[in-house]
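In structure tokens:
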């Protein structure tokens, strides 16, 4: 982290967090989510293989046991982090920091002054501004549910809604996703998203597009969701409503104005070195910075390394957002890296699109995967990959090879010559390019 690198260089360092130390990914994001997804994968695998040598009886998700297992990953983290801070000589403060001038913050009754301040507060659910918004459950709270209710609505068609919907549906829950726009998962290829929608509906998840949630009403132990779709009023009776309608930088209560720190809807306004454009003492990284990077843990980690280098050695490093893969951990997973067709056309690039449904390929058929496919964009002049989009078994792993090809400028001619382990999901690459 930035704190540990600066402390190792002999700097006096303080770290402030209003929540348990460890961060979103380790405590209430990527890591615990993937534990839940693992259970859903086992259930789905068992069902897919029914009649193919597997007797699928009695395989189901035990939510309480799954939560206990998840806790084995998350519970030890805060204590370990605090111990590591203490060992390194980093001062740790619990509370919400607020600027009181350009180089000082207040946290509780303490006032801290510094030569530099890094804002790395991450993101939180966007405000929906609807009556009854207080009745919505956040993704953080979903990951701490003691009991899984029978009926859930997910508001919004992003990562959170689809990933948790796939888990909940395979745990026997009646699930619906309400998305106000015509297209969910807008950061992913629309053709593969359509395939994922088919896969999602096939497990019993109801999906309504162009459906705007207008209010949530609590009636006893249950909730009533009021929505509209194409001018038609809709009402749903459910037990839980989960906020999956996007996240925004968590910076609104930092009193940035007192520090002269400019910001926008996407975060703190920074220059190419992740330094505030209006206060040179302040830097920002991750979801809190308007850096142009995707809101992903690997991006935040990379930007943290950039900030640390610039703090210690002066501004010289810039974040590199080229070839960053991203994944929706549904079952099957949807993965992407690089450009979509629409963006490639807008840039005036000449490219060839390789697109195919792969549900009939050996790698899919042997595991009963009915929904899989790929789309790869290849530059006609350089033979470099412009974008890769995958749906299916091991998509979250194979996408990393495409990301490496984009970052290192590996031509498709070389990818075809590569000798892959066979049979494997990776060996399909030579047929995709």
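In my numbering, the protein residues as written are 438 to 870. Ideal placement from N, C-alpha and C gives every residue a C-beta, glycine not left out.
Supposed contact pair residue 843 and residue 775 - C-beta distance, whole angstroms, cut 8 angstroms: 5 angstroms
Candidates 564, 571, 505, 446: closest to residue 525 by CA position: 446
For residue 546 and residue 645, the rounded distance between their alpha carbons: 49 angstroms
Residue 783, DSSP secondary structure in three states: helix
Delimiting residues of the alpha helix (DSSP H) encompassing residue 677: Where residue 677 is concerned, there is no enclosing alpha helix (DSSP H), although the beta strand (DSSP E) it sits in stretches over 677-680.
Collapsed DSSP secondary structure at residue 598 in the structure displayed: helix
Simplified DSSP state of residue 832, which is helix, strand or coil: helix
Cβ neighbour criterion (16 or more within 10 Å) applied to residue 865: buried
Paired residues, beta bridge with residue 468 - DSSP: According to DSSP, which records beta bridges pairwise, residue 468 is partnered with nothing at all.
Residue 678 beta carbon near the ligand PLP (any heavy atom closer than 7 angstroms): The ligand PLP is not part of this structure, which contains no ligands at all.
Residue 717, buried or exposed, once every other Cβ within 10 Å from all chains shown has been counted against 16: exposed
For residue 450 and residue 522, the rounded distance between their alpha carbons: 10 angstroms
7 angstroms Cβ shell around residue 607 - same chain, five flanking residues per side excluded: 477, 480, 481, 498, 640
As assigned by DSSP and simplified to three states, the class of residue 822: strand
Min CB distance residue 464 to chain C below 8 angstroms: Here chain C cannot be found, since the structure has a single protein chain.
Inter-stretch contact at 8 angstroms, needing at least 3 Cβ pairs: the region 590-601 / the region 610-624: yes
Per-residue burial, residue 826 [other beta carbons within 10 Å of its own, 16 or more giving buried]: buried
Whole runs of the alpha helix (DSSP H) within the region 563-591, excluding any shorter than 4 residues: 576-579
Three-state secondary structure assigned by DSSP to residue 868: helix
C-beta contact flag for residue 556 and residue 764 at 8 angstroms: no
Nearest-angstrom Cβ-Cβ length linking residue 737 and residue 722, presumed shorter than 8 angstroms: 6 angstroms
Residue 623 - containing alpha helix (DSSP H), residue span: Counting along the chain, residue 623 falls outside any alpha helix (DSSP H), and DSSP gives it neither H nor E.
For residue 691 and residue 533, the rounded distance between their alpha carbons: 8 angstroms
Cα-Cα separation, residue 697 to residue 539: 6 angstroms
Residue 635 in three-state terms, based on DSSP: helix
For residue 496, the three-state DSSP class (helix, strand or coil): coil
Local conformation of residue 712 per DSSP, three classes: strand
Residue 573 and residue 653 closer than 8 angstroms at C-beta: yes
Close beta carbons around residue 471, own chain, < 8 angstroms, minus the five adjacent residues each side: 766
Neighbourhood of residue 659 by C-beta distance below 8 angstroms, restricted to the same chain and skipping five residues each side: 674, 675, 676
Sub-8 angstroms separation of residue 806 and residue 485 beta-carbons: yes
For residue 769, the three-state DSSP class (helix, strand or coil): coil
Contact between the region 619-634 and the region 808-822 (3+ Cβ pairs under 8 angstroms): yes
Span of the alpha helix (DSSP H) around residue 857: From DSSP, residue 857 is part of no alpha helix (DSSP H); its letter is neither H nor E.
Residues that residue 811 bridges to, as DSSP identifies them: 793, 827
Rounded separation between residue 609 and residue 503 - CA only: 14 angstroms
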